[in-house]
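Participant: Residue numbering for the sequence shown follows the UniProt record's numbering, beginning at 1 and increasing consecutively.
Note that the Cβ used here is the ideal one computed from N, Cα and C, for glycine as well.
Right, I'll just put the structure down here and ask away after.
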Amino acid sequence: MPKQKTHKGTAKRVRVTGTGKIMREQANNQHKFEHKSSRRKRRLEKDQVLSPADTKAVKKLLGI
Numbered sequence: 001m002p003k004q005k006t007h008k009g010t011a012k013r014v015r016v017t018g019t020g021k022i023m024r025e026q027a028n029n030q031h032k033f034e035h036k037s038s039r040r041k042r043r044l045e046k047d048q049v050l051s052p053a054d055t056k057a058v059k060k061l062l063g064i
């Protein structure tokens with residue numbers, strides 16, 4: 001049987017923690033920072049746990 005290939009686009013966007021949770025980066029944190037408040041920029045720095053609704057599909061793409 002052929003092996004399942006990792007979806008490289010997904011692999012670049014998420015990471016798996018030691019406990020198996022999938023972490024993602026926040027949106028709106030790439031450019032145009034002069035229009036965003038310092039508080040908003042600090043909040044956007046933190047990674048977020050992927051929602052349970054998306055976790056099953058992403059794990060399949062990663063081959064987990």
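#1: Going by other Cβ atoms of all chains shown within 10 Å of its Cβ, with 16 needed for buried, is residue 96 buried or exposed?
#2: Please name the residue in Asp-47, Lys-41, Gln-26 and Asp-54 whose C-alpha comes closest to that of Lys-32.
#3: Pull up the distance between the alpha-carbon of Gln-48 and that of Met-1, whole angstroms please.
#4: Short of 8 Å in beta carbon distance, which residues of its chain neighbour Gly-18, apart from the five on each side in sequence? Order them along the chain.
#5: Going by CA-CA distance only, name the one from Thr-6, Asp-54 and Asn-28 that's closest to Arg-43.
Facilitator: Let me lay it out:
#1: Because residue 96 is not part of the residues shown, which for the chain are 1 to 64, the question remains open.
#2: For Lys-32, the nearest C-alpha among the options comes from Lys-41.
#3: 36 Å
#4: none
#5: For Arg-43, the closest C-alpha among the options Thr-6, Asp-54 and Asn-28 is that of Asn-28.
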